[in-house]
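One structure below.
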Amino acid sequence: MAKTNRKTLKEYFGKGKKPNHTQFADLIDSMLNVVDDGFNKSAERGMLLSPLNDEGAVMEIRRNILDGDPAWIISLGKERELHIHRGEDEKALVTLCADGTIRMGDNGKVRLQVNGSVQADSFVGGYMQGKVPANGLWHDIGGMEYGCLAYHIVAACGLKWKGKYAVADVTAMNCFGQHPRIWNRRSWFGTRFNKIQFRWRRGEGRTCGLQIRTSSNYGEEVWLHYRVSSMLDMDFVTKE
């Protein structure tokens, strides 16, 4: 599309001028077309924007319309999610999903600073999550890791109407495989053998990993669910 300002267009069509086909094309391209440009507005819904294809950029924000690089790009994804990009960065800084969830940061890594109070119905650990059989055997949580580690883990298990249930809220720390510590806050229904247990496991080269189990076998098709939050957002001690 031609980028011609109003002053130049007026000169094309000034008194005594005979505009050529290129100048007429510049005039047409300077106007909005609802179908071609994916732009419309109404009193009921306000401004309507759509990508030129099924997905892609919807809007660019620049300091100057003739600037080469945009400051921000807003795009629409295949699943009707809205992406906000910083400049030409392909990875979205913020993604608003159609199901109401919000993703922030590269590859879903959350980097959010709030200068004020935060209220939420619950806080869910997203560093690791999963489930293992509640069969009384030790199971790994994630893989073996190296460095200074500090985790907050919430776990629960039980099958409705079976009379065996347990929950645990645990803080686990480890420094290169030495002096592992686990602080437990646990509750259970039934005997003490229904409790959830955790331990650190040493690996090769000062690596270590967490393990989890129930103190007894809960039976078939009963799962021990866990969610893990990382309490350390720094890796200075592991860099060479």
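For the sequence shown, the residue numbers in the working numbering are 57 to 296.
Cβ coordinates follow ideal geometry from the N, Cα and C atoms, glycine included.
Query                                                                                                                    : Result
Exposure of residue 233, with buried meaning 16 or more beta-carbon neighbours within 10 Å                               : buried
Cβ-Cβ distance between residue 207 and residue 266 below 8 Å                                                             : yes
Euclidean distance between Cα positions of residue 213 and residue 282                                                   : 9 Å
Residue environment, residue 127, which counts as buried when at least 16 other CB atoms sit within 10 Å                 : exposed
DSSP three-state assignment for residue 283, whether helix, strand or coil                                               : strand
Exposure label - residue 164; buried when at least 16 CB within 10 Å                                                     : Low confidence applies to residue 164: its pLDDT is 49, below 50, so where it sits in the model is not reliable enough to give any reading.
Sufficient close CB pairs (3 or more, under 8 Å) joining the region 218 to 228 to the region 239 to 254                  : yes
Beta-carbon proximity check, residue 190 vs residue 263, cutoff 8 Å                                                      : no
Distance CB(residue 249)-CB(residue 272) smaller than 8 Å                                                                : yes
Beta bridge counterpart(s) of residue 254 as assigned by DSSP                                                            : 268
Simplified DSSP state of residue 79, which is helix, strand or coil                                                      : helix
DSSP-derived helix/strand/coil call for residue 102                                                                      : strand
Proximity below 8 Å, CB of residue 197 to CB of residue 284                                                              : yes
Residue interval of the alpha helix (DSSP H) (run including residue 137)                                                 : Neither: residue 137 is in no alpha helix (DSSP H) and is coded neither H nor E.
Assigned secondary structure, residue 149 (DSSP; H/G/I helix, E/B strand, else coil)                                     : coil
Inter-residue CB distance, residue 125 and residue 143 (contact presumed, cutoff 8 Å)                                    : 6 Å
Nonlocal neighbours in the same chain, by C-beta distance under 8 Å from residue 100, ignoring five residues either side : none
For residue 109 and residue 136, the rounded distance between their alpha carbons                                        : 13 Å
Beta-carbon gap between residue 210 and residue 268 smaller than 8 Å                                                     : no
Between the CA atoms of residue 116 and residue 194 - distance to the nearest angstrom                                   : 53 Å
Of the listed residues 231, 246, 244 and 87, nearest to residue 257 (C-alpha basis)                                      : 231
Residue 305 - partner residues in DSSP beta bridges                                                                      : Residue 305 lies beyond the range of the chain shown here (57 to 296); nothing can be said about it.
Enclosing beta strand (DSSP E) for residue 65 [first to last residue]                                                    : Premise fails: residue 65 lies in the alpha helix (DSSP H), 62 to 68, not in any beta strand (DSSP E).
Where residue 261 falls: helix, strand or coil (DSSP)                                                                    : helix
Of the listed residues 288, 221, 192 and 131, nearest to residue 183 (C-alpha basis)                                     : 288
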